[in-house]
Amino acid sequence: MKNGEKPVVVKIGGELLEEKYVDGTAGDCAKLAAVKPLVIVHGGGKQLNREATASKEFFNGLRVTDLQTIALAQQVFLGPTKTRLMLALLKAGCKPVGLSGRDNAFVKCTKIESLGFVGKVESVDSAFLRLFLSNGFTPVVTPLGIAGSALVNVNADELAASIANALNASLVFLTPTGGVLVNGIVARSVSANQADELVKKGMVSGGMIPKLLNGIAAAKSGLKVSISENLFEAGTEVKA
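For the sequence shown, my numbering gives the first residue as 68, with consecutive numbering after it.
Pasting the structure below:
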């Protein structure tokens with residue numbers, strides 16, 4: 068990575084990690100990584116939901132995570148989910164290196180006690196990530212962090228936004244909806260005020276809420292933010 072070269076942080080949602088999507092998504096990421104420093108943050112909520120004993124309770128898009136669920140999250144996120152993505156990236160010609168926030172404790176969090184083993188990101192060690200970027204590698208980050216001595220589940224959208232802020236990077240959220248849907252149509256742009264209205268009116272829900280909230284916060288920090296289905300098609304631009 069050349070000095071001053073601006074990275075891109077891409078968050079890949081769990082649905083795009085399924086067999087029918089992962090090769091195409093990985094191929095797009097490899098094309099981008101060939102011309103820009105790239106960090107990938109992956110989700111895995113869809114895969115975790117398949118575990119019968121995993122918590123299915125959510126608050127504002129954040130999963131309530133008990134002790135059993137954090138153990139399952141490690142197994143699912145770091146096991147088949149990440150392996151599928153890493154193999155697809157390798158096949159596409161990318162140079163991925165698998166990380167999670169627990170590695171070198173590079174994602175430090177405050178535990179959200181009301182949600183169990185869930186963390187709010189407090190800091191990201193950008194120098195640690197730049198070690199990989201400067202040598203041509205693409206970090207692939209699993210949404211786990213460290214709060215004190217505890218491993219915590221971190222919302223992948225929040226983590227992606229936090230990493231983008233730490234690296235002063237552009238931020239792209241990838242989702243099968245293609246962007247923010249307003250009356251069934253992908254909105255070309257969404258501002259902070261519009262996002263508040265969409266949430267209040269129940270026009271966006273579930274996993275789109277943390278995408279919008281974290282996207283708006285990143286945009287207010289001066290970052291370029293978008294929500295789309297793939298890296299080379301316009302979706303929704305998120306504005307401050």
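The C-beta atom is built at its ideal place from N, Cα and C for all residues, glycine as well.
Leaving out five residues before and five after residue i in sequence, what residues of the same chain have Cβ atoms less than 6 Å from its Cβ?
i	result
G168	V174, L211 and G212
E304	S256 and S293
L290	A231 and L238
S258	K306
N222	L129 and P277
Would residue i pass as a contact of residue j if the rule is Cβ separation under 8 Å?
i	j	result
A236	A284	no
N281	D224	yes
L298	L83	no
T177	A217	no
K78	V108	yes
L196	V75	no
G245	S190	no
V249	L279	no
V131	G186	no
Just the C-alpha distance for residue i and residue j, rounded to the nearest angstrom, thanks.
i	j	result
P206	K73	15 Å
S201	P104	8 Å
G203	N220	28 Å
N171	T209	13 Å
G273	A97	29 Å
E86	A159	15 Å
Going along the chain, which residues of its own chain have a beta-carbon closer than 7 Å to the beta-carbon of residue i, five neighbours each way excluded?
i	result
V143	G111, Q114, L115 and E118
Check the DSSP bridge columns for residue i and list the partner residues they point to.
i	result
F240	K78 and I294
G165	V207
K268	In DSSP, K268 forms no bridge with anything.
T177	K187
Exercise. Run through the region 100-153 for me and flag every whole beta strand (DSSP E) of 3 or more residues, listed as ranges in chain order.
Key: Counting only unbroken stretches of 3 or more residues, the beta strand (DSSP E) elements lying wholly within the region 100-153 are 105-109, in sequence order.
Quiz item: In chain order, which alpha helix (DSSP H) runs of at least 4 residues are fully inside the region 183-216?
Solution: Fully enclosed alpha helix (DSSP H) runs of 4 or longer: 193-200.
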